[in-house]
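Student:
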Amino acid sequence: MSQVILNRGNVDVTELQVEQAGSASCEVITEAPLLDSTKDYVMGCTSCVVPLTEEPMITYDVNNALLFTVRRRKHGVAANTAADALALAGDVQNCQLVPGYKIFSVTDLVTFIANWSTRFSNAVADRGLSADGAGNTINVNEAIAANHASIDRRANNLQGTRLLGVSLTPGGVLQITGSAPFWNNFYIQTTAYCRELLGFSYAALTISWVVATNTYSNTLASLLAPDGTIAVIPVASRILLANTHNTINADYSIFRKTEERMRISMEVALSVPMNISIVNGVERRTHTIFSAPLQSDIKSTLRSDDGVIEDTTELTLRAFQGRVHLLKKSNGNVQWYPLTSSYAIQNSRVEIYVTRRRFHSATSRWYTDRKPLAVDPDSVWSASLKFVSVF
Amino acid sequence: MTTLANINGANITRLSFQQMHSNACQCVLMQPPVDDSETNRYITTVENLVVSTDIPIFKKGTEVFTIMEVTYPDDEKSPSDNPWERFDGYDNDEDLSANRKCVVGPVYSFSDFVHQVQEFCTRYNRDITLTGNRGRIYVDARLAARKQFGLQGNLQFWSRHILDFTNEFGRLFDNMLGEENYYHQYLHNNTYGHAKGPLHNDQIWLQDVTEYMFLDEDGEATMWDFGSYATLAMPCKLDMFENRVGLQVDSVLPLPFEMFCVNANKQDRNKGKSRYAFLTLDFPEGALSHITRFGSFTSDEIDISQQVRTGLFQLMPDANNSVSKKLLAGTLQTQRYELMLVRKVANKDGTVTLKTEPVEFTNGDFWSMDVIFTKQV
């Protein structure tokens with residue numbers, strides 16, 4: 101926390117306004133020296149506006165594209181092998197991020213997953229289920245005709261049962277809700293990235309009704325027999341269609357790790373001494389003069405009806421998209437840095453960086469990745485730098 | 003309260019820390035950022051403290067209460083020496099239907115809590131595996147709008163059920179019946195002020211349970227004068243269930259001790275204690291808003307909206323803060339900072355105390371801050 105005094109005799113104030121289109125880097129060459137070389141200066145960034153259209157919340161990585169795979173819970177077959185694989189047209193059994201779909205907010209991500217769950221549910225409903233795979237039906241444990249209301253939401257004028265869907269709690273915890281036919285006949289295999297991103301702790305998402313203890317279980321032990329095959333569940337022990345305990349909650353809020361963009365920072369090619377950065381315990385020097393986090397701004401709204409809380413809820417959150425004001429001149433939050441020398445400053449460079457946390461699929465660890473901001477050729481970023489002399 | 007950057011000799015020195023996977027960041031610098039002989043002439047402050055992690059109020063799998071069904075003597079179940087066997091399956095948790103046990107978490111706000119309990123109520127109301135005249139329950143929205151928790155049930159529910167609370171929640175609520183390990187609530191008042199006592203006494207418990215289930219001597223609900231539904235309000239000792247009070251940053255900087263006067267309750271008169279502290283911040287508030295609906299007429303329903311505090315948030319902006327501290331003589335070559343969370347914890351004796359615990363950081367979580375040293379001139 102520091103301020104500068106401007107109304108003191110002989111204090112020199114110089115402002116440099118930078119605007120750059122199509123590039124994260126701006127080269128500055130002035131006709132005359134920028135500062136009075138007989139004075140010492142402090143400098144700070146007083147405003148910064150950047151375009152984030154090319155920097156979505158989650159970047160596409162081919163190694164981390166797959167989130168879920170739905171597999172058949174076919175009794176007696178070896179789990180997680182070709183024997184329980186499900187093949188639907190267009191590989192809709194896989195929930196996979198696609199390169200063209202830019203995700204700028206949790207709403208984008210959840211909508212994408214919800215859209216996938218609808219396409220998956222419709223694809224299964226169109227084929228129907230059977231215990232022998234006759235015709236084009238899916239070979240599972242129960243026989244349900246194609247487009248039957250118990251598996252097809254579209255049946256009876258949208259009065260049918262939805263096979264699979266997703267939801268959020270007001271705190272942002274992802275919920276996967278499957279109907280009884282879904283959990284009786286399918287299970288979901290998650291990838292390490294999916295578990296980290298969405299907060300699930302199990303490699304296989306499943307729900308079983310444990311008759312012996314009169315409880316529900318979502319552990320792998322309830323899915324598999326001791327020999328590794330999918331356990332055979334008697335008809336009497338299957339989850340009933342009208343049962344309501346069919347949701348799996350994530351372990352933590354989806355807001356915890358979905359925002360990859362840790363900060364946007366600005367570097368200048370000027371002599372800024374004693375500016376030390378310690379990243380994970382390692383000391384290094386830096387020319388960063390400004391950095392701003394992209395803060396979560398989430399609001400949940402509960403509706404009431406007839407004096408009781410409704411099940412539906414709304415989440416409102418800020419999407420960092422388009423031109424984003426990281427620092428406004430009106431808020432006065434400036435970090436001041438002393439310059440070592442003010443002599444003959446005629447050329448410099450200002451560069452914007454984005455620091456992301458990214459998931460390494462081979463090690464299952466997150467790491468930081470700092471790169472120049474991707475700027476669309478038609479987009480412009482701007483910044484103001486202020487130089488104030490020392491008295 | 004500020005320092006001046008453009009004054010000769012201020013010698014602003016800045017250390018930027020960024021730490022992943024851990025609540026502690028440390029480094030022995032190649033050389034001290036400030037000469038050891040001059041340390042006591044410096045002011046230190048913090049800018050740009052950013053935390054990205056997951057700090058729920060209640061963790062996943064937190065059990066709130068279990069709905070226990072009363073077995074009446076008329077139901078011809080054999081009496082037992084164990085008083086709790088009066089309630090279906092209480093002696094063995096595994097026998098309980100999952101839809102009778104209200105489990106929440108992770109919970110990030112009051113509205114999140116009431117919504118998760120309402121989800122449980124919906125499952126309970128709809129579950130066809132629960133047999134008998136089980137009644138219906140809901141979370142009372144009008145109480146929720148007043149930052150209180152209350153459960154609304156109909157005659158069928160309140161005449162046959164009690165709510166058995168875990169110790170964690172039994173301690174949190176005011177006016178809870180029973181005691182440690184036996185916290186419970188049931189509708190025990192009518193509009194005429196007739197009240198029944200707690201059920202924690204085993205001897206009384208073995209007597210006629212109908213006496214305690216808001217019924218008359220014949221087991222009839224003749225005293226029910228609430229209409230369709232009656233609400234049981236449960237005031238909470240925490241402000242809107244918020245137990246995250248503050249965040250602390252501990253350090254090894256040479257700083258003078260500070261005075262702390264923390265009293266757990268109104269009877270507590272502890273003297274102030276000197277304690278080492280670098281930075282103590284309030285946890286960001288989860289501001290609650292009321293929403294009124296109106297068209298031609300104003301609705302009698304109040305919707306509530308609340309900020310959710312999770313994900314990435316900036317606890318300390320770049321400037322204009324008041325956390326500056328004067329350093330003592332010492333060295334700054336070794337830097338170590340640790341992020342701690344201060345929680346409100348309800349104790350067995352009814353008091354509420356503050357407990358400091360490390361903030362949980364797992365793979366991918368991070369925090370960062372800038373520590374500034376400015377010389378006195």
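Chains E and V supply the protein sequences, listed in that same order. By the count of the working numbering, the first sequence reaches residue 491 at its end, each step adding exactly one. By the count of the working numbering, the second sequence reaches residue 379 at its end, each step adding exactly one. For each residue, glycine too, the CB sits at the ideal point set by N, CA and C.
Determine the burial state of residue 30 of chain V: buried for a count of at least 16 other Cβ atoms within 10 Å of its Cβ, exposed for fewer.
Tutor: Numbered from 1 along the second sequence, position 28 holds the residue referred to as residue 30 of chain V. Classification of residue 30 of chain V: exposed, given that the 10 Å Cβ count is below 16.
Student: Cα-Cα, which of E:369, E:146, E:377 and E:109 is closest to residue 441 of chain E?
Tutor: In the first sequence, counting from the first residue as 1, residue 441 of chain E sits at position 341. Of the listed residues, the one whose Cα sits closest to residue 441 of chain E is E:369.
Student: On the criterion of 16 or more Cβ atoms from any shown chain inside 10 Å, does residue 117 of chain E qualify as buried, or is it exposed?
Tutor: Residue 117 of chain E sits at position 17 when you count from the first residue of the first sequence. With fewer than 16 Cβ atoms within 10 Å of its Cβ, residue 117 of chain E is classed as exposed.
Student: Could you work out which residues of chain V lie near residue 418 of chain E, taking near to mean beta carbons separated by less than 9 Å?
Tutor: Translated into the one-based positions of the first sequence, residue 418 of chain E becomes position 318. Going along chain V, no residue has its Cβ under 9 Å from residue 418 of chain E, so there is no contact; the nearest lies around 11 Å.
Student: Can you list, in chain order, the residues of its chain whose CB lies under 7 Å from that of residue 475 of chain E, leaving out five sequence neighbours each side?
Tutor: What you label residue 475 of chain E is simply residue 375 of the first sequence in a count that begins at 1. Within the same chain, residue 475 of chain E has close Cβ partners 122, 123, 124, 151, 154 and 481.
Student: In chain V, which residues lie less than 7 Å from residue 228 of chain E when you measure between Cβ atoms?
Tutor: Your numbering for residue 228 of chain E matches position 128 in the first sequence. The contacting residues do not exist; residue 228 of chain E stays about 25 Å from chain V at best.
Student: Thinking just about the alpha-carbon of each residue, which of E:310, E:325, E:157 and E:261 is nearest to the one in residue 175 of chain E?
Tutor: Your numbering for residue 175 of chain E matches position 75 in the first sequence. Out of E:310, E:325, E:157 and E:261, E:325 has the C-alpha closest to the C-alpha of residue 175 of chain E.
Student: Count the other CB atoms, across all protein chains shown, that sit within 10 Å of the CB of residue 294 of chain E; report buried if there are 16 or more and exposed otherwise.
Tutor: For the purposes of this step, residue 294 of chain E is taken as residue 194 along the first sequence, with counting starting at 1. So residue 294 of chain E ends up on the buried side.
Student: With 16 as the cutoff for other CB atoms within 10 Å, does residue 447 of chain E come out buried or exposed?
Tutor: Position 347 of the first sequence, counting from 1, holds the residue named residue 447 of chain E. Per the 10 Å Cβ criterion, exposed.
Student: Roughly how many angstroms lie between the CA atoms of residue 421 of chain E and residue 182 of chain E, to the nearest whole one?
Tutor: Along the first sequence, read from residue 1 onward, the residue named residue 421 of chain E stands at position 321. Along the first sequence, read from residue 1 onward, the residue named residue 182 of chain E stands at position 82. For residue 421 of chain E and residue 182 of chain E, the distance between alpha carbons rounds to 42 Å.
Student: For the region 429-462 of chain E, which residues have a CB atom closer than 9 Å to at least one CB atom of chain V, in sequence order?
Tutor: Listed by position along the chain: 431, 432, 433, 434, 435, 436, 437, 438, 455, 457 and 459.
Student: Could you compute how far the alpha carbon of residue 305 of chain V sits from the alpha carbon of residue 292 of chain V?
Tutor: Sequence index remark: in the second sequence, residue 305 of chain V carries index 303 (1-based). Sequence index remark: in the second sequence, residue 292 of chain V carries index 290 (1-based). Between residue 305 of chain V and residue 292 of chain V, the C-alpha separation is close to 6 Å.
Student: Just mark residue 21 of chain V as buried or exposed, buried being the case when its beta carbon has 16 or more other beta carbons within 10 Å.
Tutor: Sequence index remark: in the second sequence, residue 21 of chain V carries index 19 (1-based). Its Cβ being crowded by 16 or more others within 10 Å, residue 21 of chain V is buried.
Student: Can you list, in chain order, the stretches of the alpha helix (DSSP H) that have 4 or more residues and sit fully within the region 283-311 of chain E?
Tutor: Listed in chain order, they are 292-298.
Student: As a quick exercise: from V:296, V:59, V:161 and V:148, pick the residue whose alpha carbon is nearest that of residue 70 of chain V.
Tutor: As a working note, residue 70 of chain V is residue 68 in the second sequence. With distances taken between Cα atoms, residue 70 of chain V lies closest to V:161.
Student: Taking only beta-carbon atoms, is residue 27 of chain V less than 8 Å away from chain E?
Tutor: For the purposes of this step, residue 27 of chain V is taken as the residue at position 25 of the second sequence. At least one chain E Cβ lies under 8 Å of residue 27 of chain V.
Student: Residue 52 of chain V to residue 251 of chain V, Cα distance in whole Å?
Tutor: Numbered from its first residue, the second sequence carries residue 52 of chain V at position 50. Numbered from its first residue, the second sequence carries residue 251 of chain V at position 249. Their Cα atoms are separated by approximately 12 Å.
Student: For a contact defined as C-beta to C-beta under 8 Å, what are the partners of residue 357 of chain V on chain E?
Tutor: By one-based count along the second sequence, residue 357 of chain V stands at place 355. Those do not exist, as residue 357 of chain V stays about 21 Å from chain E at its closest Cβ, beyond 8 Å.
Student: Verify the CB distance criterion: does residue 466 of chain E have a CB-CB separation below 8 Å to chain V?
Tutor: Here residue 466 of chain E corresponds to residue number 366 of the first sequence, with the count starting at 1. Output row for residue 466 of chain E: interface = yes.
Student: Quick one: grab the DSSP three-state call for residue 401 of chain E.
Tutor: Position 301 of the first sequence, counted from the first residue, corresponds to residue 401 of chain E. Residue 401 of chain E falls in the strand class under three-state DSSP.
Student: Contact between the region 459-470 of chain E and the region 423-434 of chain E is defined here as three or more beta-carbon pairs at a separation below 8 Å; is this criterion met?
Tutor: Judged by Cβ distances under 8 Å, the region 459-470 of chain E makes no contact with the region 423-434 of chain E, as fewer than three pairs qualify.
Student: Quick check: what's the CA-CA separation for residue 119 of chain E versus residue 426 of chain E?
Tutor: Within the first sequence, numbered from 1, the residue matching residue 119 of chain E stands at position 19. Within the first sequence, numbered from 1, the residue matching residue 426 of chain E stands at position 326. So the alpha carbons of these two residues sit roughly 15 Å apart.
Student: Give a yes or no on whether the minimum CB-CB distance between residue 155 of chain E and chain V is below 8 Å.
Tutor: The count along the first sequence starts at 1 and reaches residue 155 of chain E at position 55. No, residue 155 of chain E does not count as interfacial toward chain V.
Student: Going by the DSSP bridge assignment, what does residue 436 of chain E pair with across the sheet?
Tutor: The sequence position of residue 436 of chain E within the first sequence is 336, counting from 1. DSSP, once it has assigned bridges, lists no residue as partnering residue 436 of chain E.
Student: Within 8 Å (strictly less), CB to CB, does residue 66 of chain V reach chain E?
Tutor: As a first step, residue 66 of chain V must be located in the second sequence, where it is residue number 64. No, residue 66 of chain V lies away from the interface with chain E (no Cβ there is under 8 Å from its Cβ).
Student: Kindly say whether residue 38 of chain V, judged by its beta-carbon, lies nearer than 8 Å to any beta-carbon of chain E.
Tutor: By one-based count along the second sequence, residue 38 of chain V stands at place 36. Cβ-Cβ to chain E under 8 Å: no for residue 38 of chain V.
Student: Within 8 Å (strictly less), CB to CB, does residue 361 of chain V reach chain E?
Tutor: Numbered from 1 along the second sequence, position 359 holds the residue referred to as residue 361 of chain V. It does not; no Cβ of chain E falls within 8 Å.
Student: Between residue 232 of chain E and residue 62 of chain V, is the Cβ-Cβ spacing less than 8 Å?
Tutor: Locating residue 232 of chain E in the first sequence gives position 132, where the first residue counts as 1. Locating residue 62 of chain V in the second sequence gives position 60, where the first residue counts as 1. Against a cut-off of 8 Å, the Cβ pair of residue 62 of chain V and residue 232 of chain E comes out as no contact.
Student: Compare the C-beta of residue 51 of chain E with all C-beta atoms of chain V and state if any pair is closer than 8 Å.
Tutor: The requested residue 51 of chain E is not part of the displayed model; chain E covers only 101 to 491.
Student: State the DSSP-derived secondary structure class of residue 38 of chain V, mapped to helix, strand or coil.
Tutor: Indexing the second sequence from 1 puts residue 38 of chain V at position 36. Residue 38 of chain V falls in the helix class under three-state DSSP.
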